[in-house]
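This report concerns only the one structure given below.
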Amino acid sequence: MARKTVIAGNWKMNKTAAQASAYAAEFLTALGQAPLTEVVLCAPFTALPSLQAGLAGSDVRCGAQNVFWASAGAYTGEISAEMLVDAGCTYVIIGHSERREILGESDELVARKLKAALSAGLIPILCVGENLAQRETGQAVAVVNAQMRANLAPLDAVEIQRLVVAYEPIWAIGTGKTASVADAQEMCVAIRACLAEIVPAAAAEHIPILYGGSVKTENIAAFMRQQDIDGALVGGASLDPADFAALVRRSGGEAN
Ligand code: PEP
438 MARKTVIAGN
448 WKMNKTAAQA
458 SAYAAEFLTA
468 LGQAPLTEVV
478 LCAPFTALPS
488 LQAGLAGSDV
498 RCGAQNVFWA
508 SAGAYTGEIS
518 AEMLVDAGCT
528 YVIIGHSERR
538 EILGESDELV
548 ARKLKAALSA
558 GLIPILCVGE
568 NLAQRETGQA
578 VAVVNAQMRA
588 NLAPLDAVEI
598 QRLVVAYEPI
608 WAIGTGKTAS
618 VADAQEMCVA
628 IRACLAEIVP
638 AAAAEHIPIL
648 YGGSVKTENI
658 AAFMRQQDID
668 GALVGGASLD
678 PADFAALVRR
688 SGGEAN
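This is the structure:
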């Protein structure tokens with residue numbers, strides 16, 4: 438069985454409900470025929486209902502960018518996985534480096550969020566990646582392996598097989614710098630090897646591993662040609678519907 442390919446857009450803290458609705462209409466028109474790839478749009482919480490309504494009847498999935506680890510209760514300002522399902526989400530990004538760095542999310546917190554998302558039936562997109570100093574001192578693989586092990590610690594093999602993993606070197610996010618395709622492929626191989634030490638190797642073979650970090654229409658095809666890169670998590674280049682539709686089509690091998 439071939440691995441699922443996934444192209445996920447991460448709007449970050451951008452777009453109102455009305456903008457999400459307009460985006461959905463323009464994106465679906467620009468996308469044309471349904472792509473073979475799984476396409477996901479990860480929107481701010483407040484835009485999810487209108488995005489979901491705008492995507493109704495299409496194969497494009499809705500995702501959130503964060504979730505809390507408890508299902509309900511006295512957690513002011515938080516959103517549960519059950520609430521995300523209720524808002525129409527299929528996916529949720531967990532452990533994005535902006536949350537780890539700006540909000541101090543620990544590996545332990547990420548692990549609890551993964552467990553909660555999976556229990557509610559969401560597909561987590563688990564983000565892992567090293568910073569520039571770690572890359573330059575040759576620690577990138579060790580850092581990412583340690584993140585993976587800590588984040589996956591409370592999960593069983595069946596749960597792990599439902600994940601999507603995104604390798605996102607921190608120094609490549611929103612900077613215009615990308616990892617070389619060879620470095621990205623090498624890290625995705627290392628992530629798969631790490632997964633194969635935790636779940637049966639045949640199962641690890643089926644977990645989609647994405648690359649993220651300044652992916653654009655111009656470079657997506659080169660990443661997709663790598664054997665262990667199964668898609669992309671795309672920030673800035675997902676904000677314009679026509680551009681992101683072109684990127685999705687390019688990821689599936691179209692010339693433009
Ligand atoms: C991201 O937000 O996950 C990301 C990869 O951003 P960008 O594509 O803008 O680098």
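The opening position of the sequence shown corresponds to residue 438 in this note's numbering, with each subsequent residue numbered one higher.
Glycine included, C-beta positions come from ideal geometry on N, C-alpha and C.
Values in this document were obtained by computation on a predicted structure and should not be read as measured data.
- By the C-beta density criterion, residue 662 is exposed, having fewer than 16 other C-beta atoms within 10 angstroms.
- Per DSSP, the unbroken beta strand (DSSP E) holding residue 669 starts and ends at 668–671.
- Distances between the C-beta of residue 670 and the heavy atoms of ligand 1 include at least one below 7 Å.
- For residue 563, there is no enclosing alpha helix (DSSP H); the residue is found in the beta strand (DSSP E) stretching over 560–565.
- Listed as beta-bridge partners of residue 498 by DSSP are 477.
- In the DSSP annotation of this structure, the continuous segment of the beta strand (DSSP E) that includes residue 527 starts and ends at 526–531.
- The Cβ-Cβ distance between residue 547 and residue 588 falls below 8 Å.
- A buried status is given to residue 585, since no fewer than 16 other beta-carbon atoms sit within 10 Å of its beta-carbon.
- At a Cβ-Cβ threshold of 8 Å, residue 492 and residue 461 count as neighbours.
- Contact check for residue 641 against residue 632 passes: the beta carbons are separated by less than 8 Å.
- Ranked by how close their Cα comes to the Cα of residue 440, the residues 475, 452 and 536 have 475 in first place.
- Taking residue 624 as reference, the option from 613, 643, 602 and 614 with the minimal CA-CA separation is 602.
- A residue is called buried once 16 or more other Cβ atoms fall within 10 Å of its Cβ, and residue 574, having fewer, is exposed.
- Residue burial annotation: residue 539 is exposed, with fewer than 16 other C-beta atoms found within 10 angstroms of its C-beta.
- Between the alpha carbons of residue 521 and residue 501 lies a gap of roughly 7 Å.
- Taking 8 Å as the cut-off, the Cβ atoms of residue 580 and residue 571 count as close.
- About 15 Å separates the beta carbon of residue 504 from that of residue 445, a gap too long to meet the 8 Å contact definition.
- An exposed status is given to residue 466, since fewer than 16 other beta-carbon atoms sit within 10 Å of its beta-carbon.
- If only uninterrupted alpha helix (DSSP H) runs of at least 4 residues are considered, those enclosed by the stretch 625–653 are 638–641.
- With a cut-off of 7 Å, the C-beta of residue 443 is classified as distant from ligand 1, since no heavy atom of the ligand falls inside that distance.
- Within 10 angstroms of the beta-carbon of residue 634 lie fewer than 16 other beta-carbons, which makes it exposed.
- Sixteen is the threshold: when 16 or more other Cβ atoms of the shown chains lie within 10 Å of the Cβ of residue 577, as they do, the residue is buried.
- Residue 451 and residue 457 have their C-alpha atoms some 9 Å from each other.
- Within the DSSP secondary-structure output, residue 443 pairs in a beta bridge with 475 and 668.
- Under DSSP, residue 602 takes part in a beta bridge, and its partners are 563 and 646.
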